[in-house]
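In order, the protein sequences belong to chains A and B.
Just so we're aligned, residue 5 is where the first sequence starts under my numbering, counting upward by one.
Just so we're aligned, residue 12 is where the second sequence starts under my numbering, counting upward by one.
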Amino acid sequence: MTDTADNGNRMTGAEIVLRALKDNGVEHIFGYPGGAVLPIYDEIFQQEDIQHILVRHEQGAGHAAEGYARSTGKVGVMLVTSGPGATNAVTPLQDALMDSIPLVCLTGQVPTTLIGSDAFQEADTVGITRPCTKHNWLVKNVDELAGIIHEAFRIAQSGRPGPVVVDIPKDIQFATGTYVAPSEATASKSYKPKVNGDLNAIQAAVELMATARRPVLYTGGGVINAGPEASQLLRELVELTNFPITSTLMGLGAYPASGKNWLGMLGMHGSYEANLAMHDCDVMVCIGARFDDRITGRLNAFSPNSRKVHIDIDPSSINKNVRVDIPIIGDVGHVLEDMVRLWRALPKKPEKAQTADWWASVETWRAKKSFSYKNSNDVIMPQYALERLAEATKGRDTYITTEVGQHQMWAAQFFGFEEPNHWMTSGGLGTMGYGLPAALGVQVAHPEALVIDIAGDASIQMCIQEMSCAIQHNLPVKIFILNNQYMGMVRQWQQLLHGNRLSNSYTEAMPDFVKLAEAYGAVGMYCDDPKELDGKIAEMIAVNAPVIFDCRVANLANCFPMIPSGKAHNEMLLPEDATDDAVATAIDAKGRQLV
Amino acid sequence: MNAHQQPTGSAYFISQETAKVESHTLSVLVSNEPGVLARVIGLFSGRGYNIESLTVSETEHESHLSRITIVTNGTPLVLEQIKAQLERIVPVFRVVDLTVRAGQLGQERPIEREVALIKVAGNGESRAEALRLADAFQAKVVDATVGHFIFEITGKSSKIDQFVAVVKPLGLIEVCRTGIAAMNRGPQGM
């Protein structure tokens, strides 16, 4: 192009990496240095456009990048060294794969001449990460480095988003090569995701929906991934059709919890009305969800009398677990746009009376108040703690992350999400230790927002080292631990499945979380009295520093409602029915073999 | 108590699979880049699909294309899922279920051929008998000493199975088979 173009485009591999990240709009990367990435770290040191957030464990880098990505819609970037750096990244990579989070993971590798020699900190990174990424590359030629990084960003964020790994040997980082801009890079011809749905199929779906007497919309994380416009279109569709709507764990916030058509989350710990609506409906419209086993319950009893529409960008999601009648392959945003337009164009819209009986059934199910619990004046009930936390954060720009377990389900049941991208949780993989680093990633992206990690006492200890990262980078995340001294969900399953033999689910040597917070330089708080809870929560929110809030809750509370293993949606265990006897016999011998 | 019961291998539900298992031949056109075969094989082992036969070779050198032929089996739903999963792999261009395609074209099966090298050692009458059988099966002699033959045979897998079976008593030493190469009949490409 210009006379300086040639010289200006010659640089070292490490410089290419930084330039490529910049040209892909990266502002923050999460990482941990080591021998095989030192040239890249040296370049990071000599520039100011990209901020590096130093974690304390590579798993933390991955989850932080996931939280960053999920709360912004941008690609999360992590940088780790070879060998143990790369193997520690495997958990967040698989987590991102299962929850369709766009992630670019750059790994260092031993020099190309040493690959295969069992060199120090060598691991077959592309081999190890092949099944837990959408795609991965080992860069063997410095001139291909820029193109591969651009392609990595394209693949991570297009189609069904997911994690990718670019493994860069150290000699490639030192070698001089030519930089190619993203616009000039050649894209792989074999990867062409389809974003527009087939109009005939969408028309057929709209016509089916118009005949429905007992319709339900079943939405998932795909709506969030399709961007805020998709959530807007979903709300419009609900407004137009007046269909009741439920969502998976991953899709919470796409439709507001305060909306009048909201049924609450569905699935194993979902609401009675959501699961009954799924079971009894005659038309189910699945939008960006994947009929996961936590959602369907026993497959041969799943929604037996419905005709099903399934919108998904990934063709392999269609008919994977559940046979559907009208598959629509495409981006949820594009398909919803067409769907809304075609619904508006219907020559004759269904009368309101067509679904009146259905809504009456929904109201009777709602009246069951399946999330109800027995409150106490003496101990803090975990559900109560979350209700108070939700109340205290109303009207603020609040982002919630969670770890995995009972607290996660209670958070999903009780928090009430109004907007997309404000709820970060590990759904598919169920990774304990996700919440704290994810919260750090969210806080980096939204420095002014209130970011709370709703945690359990067991999960929080899986990535507790990231407290140090929070302090170093002034990330005032609030860790709200529902401390019941057990791995609560494990204990609940042992009670349900294994005669209440609580094998290894009691944490005997619990740290003093207040002192632990103080040891890191954060603020520690403690509460075990329901009367003091509101005041202490307000205090926690007011502190402009990382806080660990040790909220002591009832030790043996169970998370209900619950669809026991091997049961159908209409065989839910409700809180009022969950007597000790019912709990002990809830799962039969067959169900015990399942997870 | 339940220790003697077999794990179901399934998370969350037990379903009795009643659909019939079929054997299908898939043709997979891939970009010839490092690791692409590992991606395909890893998909099969990772998701518990079967591979009965697998062949791979570069077919179009200039465009860096390789063609993988996989014979697999499963219920129609599983076969559909295998095809969809293969298509998710980034360097995969196309996946064609040749068996389904043959059906659509009104044919019984795609053309499926295999090459085998078969070493038979022996003297006297059994040696003469091996040569007679080779002639009947149109197998070629590609190497010989006074004590052995190596035959090259091309054909359907069933034909090779049969040849191997009949020469076995005559001093069969070793067999090497390529796996199936397959294509649909007619003028159209995959």
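All C-beta atoms in this analysis are idealised placements derived from N, C-alpha and C, irrespective of residue type, glycine included.
All values derive from a computational prediction rather than experimental measurement.
With respect to chain A, the C-beta atom of residue 103/B has a partner C-beta closer than 9 Å. Contact check for residue 189/B and residue 86/B: beta-carbon distance about 28 Å, past the 8 Å limit, so the pair fails to qualify. Taking 9 Å as the cut-off, the beta carbon of residue 288/A is found closer than this to the beta carbon of residue 222/A. Within the stretch 435–504 of chain A, the alpha helix (DSSP H) runs of at least 4 residues that lie entirely inside it are, in chain order, 439–449, 471–476, 492–501. One finds nothing in chain A with a Cβ atom closer than 8 Å to the Cβ of residue 135/B; even the nearest lies about 51 Å away.
Between the alpha carbons of residue 185/B and residue 47/A lies a distance of about 58 Å. For residue 170/B, the closest of 49/B, 183/B, 147/B by C-alpha to C-alpha distance is 147/B.
With 16 or more neighbouring CB atoms inside 10 Å of its own CB, residue 296/A falls in the buried class. For residue 128/B, no chain A residue has a C-beta closer than 9 Å to its own C-beta; the minimum C-beta separation is roughly 31 Å. Around residue 204/A, no beta-carbon contact reaches into chain B at under 9 Å, the shortest distance being about 20 Å. Between the stretch 48–63 of chain A and the stretch 208–218 of chain A there are fewer than three C-beta pairs closer than 8 Å, too few to call the two in contact.
Annotation: Cβ neighbours of residue 88/B in chain A (cutoff 7 Å, chain order): 323.
Using a Cβ-Cβ cut-off of 9 Å, residue 50/B counts as an interface residue toward chain A, since at least one Cβ of chain A sits closer than that to its own.
Residue 390/A and residue 418/A have their C-alpha atoms some 6 Å from each other.
For residue 222/A, no chain B residue has a Cβ inside 9 Å of its Cβ, as the nearest lies near 18 Å away.
For the stretch 66–108 of chain B, the full-length alpha helix (DSSP H) segments reaching 4 residues or more read 87–99 along the chain. Close to residue 42/B, with beta-carbon spacing below 9 Å, are these residues of chain A in chain order: 192, 193, 194. Chain A places no beta carbon closer than 9 Å to that of residue 158/B, leaving this residue out of the contacts. For residue 192/B, DSSP records a beta bridge to 124/B.
Chain B places a beta carbon closer than 9 Å to that of residue 319/A, counting this residue as a contact.
The criterion of a C-beta distance shorter than 9 Å is not satisfied by residue 254/A and residue 274/A.
At a cut-off of 9 Å between beta-carbon atoms, residue 138/A makes contact with chain B. The criterion of a C-beta distance shorter than 9 Å is satisfied by residue 281/A and residue 248/A. Distance from the CA atom of residue 582/A to the CA atom of residue 407/A, rounded to whole angstroms, is 25 Å. Comparing alpha carbon positions, the residue from 481/A, 381/A, 61/A, 290/A closest to residue 226/A is 290/A. Cβ-Cβ distances below 7 Å link residue 57/B to nothing in the same chain once the five nearest sequence neighbours on each side are left out. With a cutoff of 9 Å on beta-carbon distance, residue 81/A and residue 33/A are scored as near each other. When only Cα atoms are considered, residue 152/A and residue 206/A end up about 36 Å apart. If the five residues before and after residue 130/A are omitted, its C-beta is found closer than 6 Å to the C-beta atoms of 140, 142, 171, all from its own chain and listed in chain order.
The stretch 118–126 of chain A makes no contact with the stretch 146–160 of chain A, as fewer than three CB pairs between them are under 8 Å. Think of a sphere of 9 Å around the beta carbon of residue 95/B: the chain A residues whose beta carbon falls inside it are 318, 319, 320, 321, 322, 323, 324, in chain order. In the three-state DSSP reduction, residue 343/A falls in the helix class (H, G or I). If you draw a 10 Å sphere on the C-beta of residue 155/B, you find fewer than 16 other C-beta atoms in it, and that means exposed. Chain-ordered, the chain A residues with CB closer than 7 Å to the CB of residue 91/B read 323.
Taking C-alpha positions only, residue 426/A is separated from residue 353/A by approximately 34 Å.
Secondary-structure assignment with DSSP links residue 331/A through a beta bridge to 314/A.
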